[in-house]
Amino acid sequence: MAIEVNGKTYETDEEGYLANINDWEPGVAEVMSKEDDLELTDEHWDIINFLREYYEEYQIAPAVRVLTKAVGKKMGKDKGNSKYLYGLFPYGPAKQACRYAGLPKPTGCV
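Position one of the sequence shown corresponds to residue 1149 (my numbering), numbered consecutively onward.
Written out as structure tokens, the structure reads:
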């Protein structure tokens, strides 16, 4: 599978995650979100950028429980809760946000 972003083609796996995380650019998230009928807001970008920083530091894509705690620690309890995160990423905050961020599928996600 593949997606096209700004005239470039990026390989994805069968679930839509980038084959090479180094290929990521913001346009990737835009294209993926449009496929999901989701318009990215500043709040979405806060989480996407947080995930990219988290991955850079820990070399792992966090599962939803870890993501929720980490977001709460950095951005406050109003954002570090399942209701807020699922409101932004209805297909699963860890899976969907990691896909938009160009990261691998989080460990423990089915």
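Every residue gets a Cβ at the ideal spot worked out from N, C-alpha and C, and that includes glycine.
On the DSSP letters alone, give me the boundaries of the beta strand (DSSP E) that residue i sits inside.
i: I1151; result: A1150 to V1153
Could you pull out every residue in the same chain whose Cβ sits closer than 8 Å to the Cβ of residue i, ignoring the five residues on either side in sequence?
i: V1258; result: Residue confidence is low: V1258 scores 49 on pLDDT, short of 50, so the model does not pin down where it sits. Its coordinate-derived value is still stated next. Closer than 8 Å at Cβ, skipping near neighbours: no residue.
i: T1255; result: I1208, A1209 and A1211
i: P1252; result: Y1165, I1169, A1209 and C1246
Check the DSSP bridge columns for residue i and list the partner residues they point to.
i: T1160; result: L1166
Along the chain, where does the alpha helix (DSSP H) that runs through residue i open and close?
i: W1193; result: D1190 to Y1206
i: L1215; result: V1212 to M1223
i: A1249; result: Unbroken run through A1249: none, as it is neither H nor E.
i: K1231; result: S1230 to L1236
i: K1182; result: P1174 to E1183
Within a Cβ cutoff of 7 Å, which residues of the same chain sit near residue i, ignoring the five residues on either side of it in sequence?
i: T1216; result: G1228, N1229, S1230 and L1233
i: Y1202; result: P1210 and A1218
i: E1162; result: M1149
i: N1154; result: G1175
What do you get for residue i, buried or exposed, if any count of 16 or more other CB atoms within 10 angstroms of its CB means buried?
i: Y1239; result: exposed
i: A1242; result: buried
i: Y1158; result: buried
So, at 6 Å on beta carbons, what are the nonlocal neighbours of residue i in its own chain, with the 5 sequence-adjacent residues on each side left out?
i: H1192; result: L1236
i: M1223; result: none
i: K1221; result: none
Would you call the stretch 1180-1190 in contact with the stretch 1201-1212, where contact means no fewer than 3 C-beta pairs closer than 8 Å?
Counting Cβ pairs under 8 Å, fewer than three are found: no touch.
Report yes or no: do three or more beta-carbon pairs, one from the stretch 1242-1251 and one from the stretch 1162-1177, lie closer than 8 Å?
These segments touch.
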